[in-house]
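Chains as they are written, first to last, in the UniProt record's numbering: chain V, 1 to 297; chain X, 1 to 297. Note that the Cβ used here is the ideal one computed from N, Cα and C, for glycine as well. No experiment lies behind these values; they were computed from the predicted model shown.
Protein chains: 2
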Amino acid sequence: MSMATEKKTVGFIGLGIMGLSMAGHILDGGHDLVVFNRTKSKADDLLAKGATWAASPGEVAAVSDIVITIVGYPKDVEEVYLGNGGIVECARPGTILIDMTTSSPELATRIARLAEARGLAALDAPVSGGDVGAKAGNLAIMVGGDEKAYRAAMPIFDLMGGKIVNMGPAGAGQHTKMANQIAIASTMLAVGESLSYAAAAGLDQTALIEVIGTGAAGSFLLNGLGPKMVSGDYAPGFFVHHFVKDLNIALAEAARMRLDLPGLGLAKSLYDKLVADGFGEEGTQALYRLYTQLAEA
Amino acid sequence: MSMATEKKTVGFIGLGIMGLSMAGHILDGGHDLVVFNRTKSKADDLLAKGATWAASPGEVAAVSDIVITIVGYPKDVEEVYLGNGGIVECARPGTILIDMTTSSPELATRIARLAEARGLAALDAPVSGGDVGAKAGNLAIMVGGDEKAYRAAMPIFDLMGGKIVNMGPAGAGQHTKMANQIAIASTMLAVGESLSYAAAAGLDQTALIEVIGTGAAGSFLLNGLGPKMVSGDYAPGFFVHHFVKDLNIALAEAARMRLDLPGLGLAKSLYDKLVADGFGEEGTQALYRLYTQLAEA
């Protein structure tokens with residue numbers, strides 16, 4: 001029997017908009033799925049399709065071959081893994097633990113060390129691709145941790161992801177995600193400022209995106225979020241307050257590595273202002289609101 | 001006889017690396033070419049192929065149906081157009097003047113006004129695509145100015161460019177190029193900071209570019225200049241000091257429009273430092289030197 005068809009018991013903790021789609025793919029892949037979520041009602045559809053409910057992260061871990069988590073903040077990750085009755089305490093030796101939350105690289109290495117001491121293997125495996133990628137099962141998955149555990153988890157990763165890469169030891173997945181968010185941060189400034197300048201200069205912003213979007217100034221964000229800025233569509237694809245969480249982690253890691261990233265710092269200060277102004281529940285393209293304010297001031 | 005095959009006398013002023021290729025395409029297109037350049041020897045190949053030398057910008061203008069300029073700085077543009085014995089003074093009524101230098105939108109509108117008063121039409125038509133695009137004849141050409149003159153010049157633009165757009169009245173071409181450079185400015189920070197973080201975190205930078213380059217963090221610059229940063233290849237595609245010229249124009253225009261663009265300001269301060277450190281003759285990807293210095297400090 002190949003790895004790809006071996007039936008596992010997979011525990012899944014965190015049934016937000018991403019987690020729900022990802023857990024559904026695992027169930028559809030023929031595995032036994034055991035779930036826990038703070039709000040139980042979110043699990044209803046999965047339970048109706050055959051998943052099993054467990055009363056706590058520890059109870060999920062105790063019965064699973066592989067435990068996947070995708071929760072909110074690093075403090076949530078720390079609690080479900082390292083808290084009393086948590087995953088590391090309750091998992092059976094040999095279990096593979098996979099945190100897919102975007103979280104702190106430092107925490108990821110700490111969990112991996114404590115897990116290893118109990119005969120477990122922990123991978124950090126944050127994703128990109130958003131709710132669309134989660135639903136389509138083609139997320140990019142950036143993995144850090146033990147190569148053997150990575151290979152063993154691959155059939156499960158394959159159900160959720162398209163591009164799946166082991167970027168190095170524990171923490172490397174989170175570091176990769178941070179490098180991704182750092183690139184996004186200043187590129188958002190690039191898009192907002194270019195469109196803001198265009199508006200002030202009286203240019204047709206849509207024509208501008210078309211002209212510059214395929215050349216050296218082009219980016220996924222200019223072509224994808226630029227038109228939303230132009231039309232004032234600030235509906236969330238990726239929430240401002242989630243992005244601020246990520247930027248906080250990135251800045252803390254950069255500071256720990258004594259790395260000065262002024263573009264990241266600037267982006268963080270602008271997104272903080274956006275949250276302070278009451279726009280944390282909008283999409284990251286709402287950064288453009290600040291440039292509109294500046295122009296009107 | 002269609003516009004595309006009507007033979008014109010085209011004047012061309014400014015035979016730098018871009019201008020030489022562009023003028024060559026016009027000659028190859030069957031038009032009469034009259035050239036002037038500060039350093040005459042740069043014209044040797046064109047003269048050998050049949051172009052005619054003129055002793056000054058004014059002498060070029062006096063015999064041409066269309067005059068094209070692509071010189072260094074706004075002060076050079078001002079001199080060749082508005083100086084004594086310059087283009088606006090010497091061109092015959094009906095002549096179309098096209099400045100393809102990346103220059104000041106304010107200057108472009110001033111030239112257009114003065115040209116119109118003398119029965120001339122002036123277009124601002126800066127390009128993107130670099131020496132590669134100039135050689136291949138597929139530059140993006142961003143045009144501002146009178147629609148009728150734009151249409152009349154189209155057969156000549158077609159010889160040099162691929163994507164050619166009239167973005168609005170005089171100055172709109174330069175404004176479009178500025179919006180392009182503003183988008184590039186902060187995206188360069190994005191690429192430099194992401195790769196700098198990756199190096200500090202011990203990630204394989206080439207693998208990083210591959211993983212994040214096709215997702216939301218992806219950009220033409222990450223995929224094109226990122227690998228050069230990684231390998232320390234700072235050979236110029238686009239010179240730092242030319243980029244600083246453009247950023248200065250963009251900042252001056254933004255200030256004139258009372259527009260606060262903090263990402264642009266930050267990029268300008270970093271590129272100024274790069275010039276002060278002696279790297280003005282390198283390519284714009286040399287920005288990465290600053291992050292290496294910061295990491296080593």
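Cβ-based neighbour list, residue i, same chain, cut-off 7 Å, excluding 5 preceding and 5 following
i                     : result
E282 (chain V)        : Y234, P236 and V240
M1 (chain X)          : Here M1 (chain X) scores only 39 on pLDDT, less than 50, and its place in the model is too uncertain to base an answer on.
A115 (chain V)        : V88, L97, A121 and A122
residue 361 (chain V) : Look at the range of chain V in this structure, 1 to 297, and you will see that residue 361 (chain V) is not part of it.
V165 (chain V)        : M142 and V143
C-beta neighbour in chain V for residue i, strict 8 Å
i              : result
E282 (chain X) : no
S194 (chain X) : yes
K219 (chain X) : Residue identity differs from the one stated: residue 219 (chain X) is Ser in this sequence, not Lys. Chain V contact via Cβ: present.
N180 (chain X) : yes
H175 (chain X) : yes
D266 (chain X) : Correcting the residue type first, residue 266 (chain X) is Leu in the shown sequence and not Asp. Interface residue, yes.
V244 (chain X) : no
M160 (chain X) : no
K163 (chain X) : yes
Y197 (chain X) : yes
M142 (chain X) : yes
M257 (chain X) : yes
Within-8 Å CB hit, residue i to chain X
i                     : result
I98 (chain V)         : no
T109 (chain V)        : no
E157 (chain V)        : One detail in the question is off: residue 157 (chain V) reads as Phe in this sequence, not Glu. By this cut-off, F157 (chain V) is not an interface position.
L287 (chain V)        : no
S128 (chain V)        : yes
H25 (chain V)         : no
S186 (chain V)        : yes
M167 (chain V)        : yes
L208 (chain V)        : yes
residue 376 (chain V) : The structure shown does not extend to residue 376 (chain V), since chain V spans only 1 to 297, so no value can be given for it.
G94 (chain V)         : no
M229 (chain V)        : no
P236 (chain V)        : no
S2 (chain V)          : Because S2 (chain V) carries a pLDDT of 46, less than 50, the predicted location of this residue cannot be relied on, and the following value inherits that uncertainty. No - not a single Cβ of chain X is within 8 Å of the one on S2 (chain V).
First and last residue of the uninterrupted alpha helix (DSSP H) at residue i
i              : result
K49 (chain V)  : K49 (chain V) -> no alpha helix (DSSP H), and no H or E assigned at all.
K148 (chain V) : E147 to M160
M188 (chain V) : A172 to A200
G265 (chain V) : P262 to A276
L20 (chain X)  : I17 to D28
K245 (chain X) : V240 to R256
R110 (chain V) : P105 to A117
D131 (chain X) : G130 to A136
Classification of residue i by the beta-carbon crowding that lies within 10 angstroms, buried from 16 upward
i              : result
A55 (chain V)  : exposed
R113 (chain X) : exposed
Q181 (chain V) : buried
R289 (chain X) : buried
P57 (chain V)  : buried
I96 (chain V)  : buried
L195 (chain X) : buried
T284 (chain X) : buried
E253 (chain X) : buried
I70 (chain V)  : buried
S64 (chain V)  : buried
Contacting residues, own chain, Cβ-Cβ under 6 Å from residue i (five flanking each side not counted)
i              : result
A125 (chain V) : I98, M100, I141, V143 and G173
S21 (chain V)  : A134 and K135
I111 (chain V) : Y81 and A122
G171 (chain X) : P105, A108, T109 and G144
T102 (chain X) : P126, K177 and D246
I249 (chain V) : S104
G162 (chain X) : N138
Residue range of the unbroken beta strand (DSSP E) whose run includes residue i
i              : result
V34 (chain V)  : D32 to F36
I96 (chain X)  : I96 to D99
A286 (chain V) : That residue, A286 (chain V), is in no beta strand (DSSP E); it is neither H nor E in DSSP.
F12 (chain X)  : T9 to I13
G72 (chain V)  : Note, G72 (chain V): premise wrong, no beta strand (DSSP E); not H, not E.
G144 (chain V) : L139 to G144
D124 (chain V) : A121 to D124
Own chain residues within Cβ distance below 8 Å of residue i, not counting five before or after
i              : result
N223 (chain X) : I209 and G213
F279 (chain V) : Y234, V240, A286 and R289
H25 (chain X)  : G137, L159 and M160
E6 (chain X)   : P155
V35 (chain V)  : G11, F12, I13, L15, A23, A43, L46, L47, A51, T52, W53, A54 and V60
Residue i: CB within 7 Å of a non-hydrogen atom of the ligand FMN
i              : result
T292 (chain V) : Summarising the ligand content, the structure contains no ligands, and the ligand FMN is consequently not present.
For residue j and residue i, believed in contact at Cβ under 8 Å, the rounded distance
i              : j             : result
L159 (chain V) : G29 (chain V) : 4 Å
A10 (chain X)  : H31 (chain X) : It is worth fixing the name first, because residue 10 (chain X) is Val in this sequence and not Ala. About 5 Å separates the two Cβ atoms, so the contact holds.
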